[in-house]
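Accompanying notes for the structure given below.
Residue numbers (the working numbering): 1 to 245.
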């Protein structure tokens, strides 16, 4: 499926705001190219922790700053820390932290929010975030629990829920989605990964965001339209988007 078709299908399903996520050099440039071609699509530029083995050189930083200044780029991310895999199968924590700090500095410099990726590294990520006061953003594809959510909220961050909130065994995520303030909540697909429960084992797509919204609405005993409207408004506010619809 082409990106244009995926976005058309999403629009037909009721998804009105779509932001592509970048996580390394070629991906960042490709995202900007798509945003230039597809009306209404926004994108980000980042350096995923899995791609953080080497420090960002001066030349790379200059390029990243130029990319971050593109009008279609609304945030710096994905960036963060990921300790999910064993040490022999992941980028060393010290290397991840070094690049994370470099990217947070870039976000401060260009004045754009961050999209945070973290797995099994929440305390270390918070400690580094605290070195960069004033940076705002969202914990993407939240995988923590209510206690972690409280720490993120206390720092003024948004929390974004993906298809994992529809998984019956995702107790921590379900608990957090049930109680966090709606004015700090976003929703996403993380497609093609993490499809909702009804599509486990199949590729995810933006149009399946609806199932995530419906699940959160059921958890909170409120209309799905309320979750959709609030998360859309939050997305527009955080990323400073202009939408007439």
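In this text, a Cβ means the ideal position worked out from N, Cα and C, and glycines have one as well.
A residue is called buried once 16 or more other Cβ atoms fall within 10 Å of its Cβ, and residue 218, having fewer, is exposed. The C-beta separation of residue 76 from residue 107 comes to about 4 Å, placing the pair in contact by the 8 Å criterion.
Checking the DSSP bridge columns, you'll see residue 40 has no partner listed. Bridge partners of residue 187 according to DSSP: 161.
Residue 146 and residue 154 have their C-alpha atoms roughly 12 Å apart. Per DSSP, the continuous alpha helix (DSSP H) segment holding residue 10 begins and ends at 3-13.
Using a 10 angstroms sphere on the CB of residue 69, the tally of other CB atoms stays under 16, which defines it as exposed. Relative to residue 47, the option among 105, 197, 178, 232 whose CA is nearest is 105. Pairing residue 160 with residue 151, the inter-Cα distance amounts to about 14 Å. Annotated three-state conformation of residue 212 is helix, per DSSP. In this structure, residue 116 sits away from residue 126, with a CB-CB distance that is not shorter than 8 Å. By the Cβ-count criterion, residue 201 is exposed, with fewer than 16 other Cβ atoms from all chains shown falling within 10 Å of its own Cβ.
Distance check between residue 216 and each of 242, 240, 182, 233 places 182 closest, using alpha-carbon atoms only. Taking the Cα of residue 176 as reference, the smallest distance to any Cα among 211, 142, 10, 123 is reached at 142. The three-state secondary structure of residue 139, taken from DSSP, is strand.
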